[in-house]
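Chemist: First, the structure itself, so that you have it in front of you.
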Amino acid sequence: MTSSRSILDRAPVIPVVVVENIDDAVPVARALVAGGIPVIELTLRTSCALGAIEAIASEVPEICVGAGTIVRQEQAALAARAGAEFLVSPGSTESLLKAMGDTGLPHLPGAATASEILFLLERGYKELKFFPAEASGGVKFLGAIHSPIPAARFCPTGGVSMSNVGEYLALPNVGCVGGSWLTPSEVVKLKDWQRITGLAREAAALAR
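Numbering that gives the first Met the number 0 numbers the first residue of the sequence shown as 0 and each following residue consecutively.
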């Protein structure tokens, strides 16, 4: 499903998913698609994460699957080989940026301060992950940074929920948000795929 379309424009919310059981990967992805969310970010926090990416890429071609929590150089290539279509990192270093760039995949490097944003703009990045969003100033920070640094566009992640997502999406420099509330761990454990579809439908309705 890779295309030139921006990661930030695929859906108002990118579900940030931690898969503990590889058997849940495909049903979660299908439930999100059924609710109108055609993108998923699998975090590389579990031993089965790469296998989950591979399964989704193979069995749910209608969803754009990405790999999140890229914190080591080798993870970028491993995620690409597993079938990831985009990469997301919580922060940025020169070596990590090179590793993600070497895959040829679209990627969102993380930034949390004005200096980090400028660092990434100097390297040609205009679309960034703002993380951890709420802990780093949230809506107020992004609103304040837009005037002096209008070129940067963000996917805020970390502390974003249905209670504040509207405030983020109303900002001119926010393309989408990342959120884990679409796939709560307790709901996944119960294999309540209909509930996830319902949550995805609510998120898809936020499109502007």
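Glycine included, C-beta positions come from ideal geometry on N, C-alpha and C.
Among E58, I21, L49, R9, which residue has its Cα nearest to the Cα of K190?
Modeler: The count along the sequence shown starts at 1 and reaches residue 190 at position 191. Residue I21 is the option with its Cα nearest to K190.
Chemist: According to the neighbour-count rule (16 or more other Cβ atoms, all chains shown, within 10 Å of its Cβ), is A30 buried or exposed?
Modeler: Looking up residue 30 in the sequence shown gives position 31. Classification of A30: buried, given that the 10 Å Cβ count is 16 or more.
Chemist: Provide the residue span of the beta strand (DSSP E) that contains K128, from first to last.
Modeler: Here residue 128 refers to the residue found at position 129 when the sequence shown is read from its first residue. Per DSSP, K128 belongs to the beta strand (DSSP E) from 126–129.
Chemist: So A66 is in the beta strand (DSSP E); what residue range does that whole segment cover?
Modeler: The count along the sequence shown starts at 1 and reaches residue 66 at position 67. 63–67 is the extent of the beta strand (DSSP E) around A66.
Chemist: Can you give me the Cβ contacts of R9 inside the same chain, cut-off strictly under 7 Å, excluding the 5 residues immediately before and after it?
Modeler: Translated into positions along the sequence shown, residue 9 becomes position 10. Closer than 7 Å at Cβ, skipping near neighbours: P37, V38, C63.
Chemist: Below 8 Å on the Cβ atoms is my contact criterion, and I expect G67 with E40 to pass it. Report the Cβ-Cβ distance as a whole number of Å.
Modeler: Along the sequence shown, one-based indexing puts residue 67 at 68. Along the sequence shown, one-based indexing puts residue 40 at 41. Contact check for G67 and E40: beta-carbon distance about 4 Å, within the 8 Å limit, so the pair qualifies.
Chemist: List the endpoints of the continuous alpha helix (DSSP H) containing G173.
Modeler: Position 174 of the sequence shown, counted from the first residue, corresponds to residue 173. For the record, residue 173 in the displayed sequence is Val; it is not Gly. Taken as a continuous stretch (DSSP letters only), V173 belongs to no alpha helix (DSSP H), as it is neither H nor E.
Chemist: Could you check which residue in R80, E133, A33, V27 has the C-alpha nearest to that of L49?
Modeler: Along the sequence shown, one-based indexing puts residue 49 at 50. Considering only alpha carbons, the answer is R80.
Chemist: Do you know how far the Cα of V15 is from the Cα of L7?
Modeler: For this step, residue 7 is matched to residue 8 along the sequence shown. For this step, residue 15 is matched to residue 16 along the sequence shown. Answer to the nearest angstrom: the Cα atoms are 14 Å apart.
Chemist: Check whether the Cβ atoms of E58 and V25 sit closer than 8 Å, and answer yes or no.
Modeler: Indexing the sequence shown from 1 puts residue 58 at position 59. Indexing the sequence shown from 1 puts residue 25 at position 26. It is a contact, given that the beta carbons lie within the stated cut-off.
Chemist: With distance defined between alpha-carbon atoms, name the residue in S146, S114, V164, E121 nearest to E133.
Modeler: By one-based count along the sequence shown, residue 133 stands at place 134. If we check each option's Cα against that of E133, V164 comes out closest.
Chemist: Considering L117, what are the terminal residues of the alpha helix (DSSP H) in which it resides?
Modeler: Taking the first residue of the sequence shown as 1, we reach residue 117 at position 118. First-last of the alpha helix (DSSP H) with L117: 113–121.
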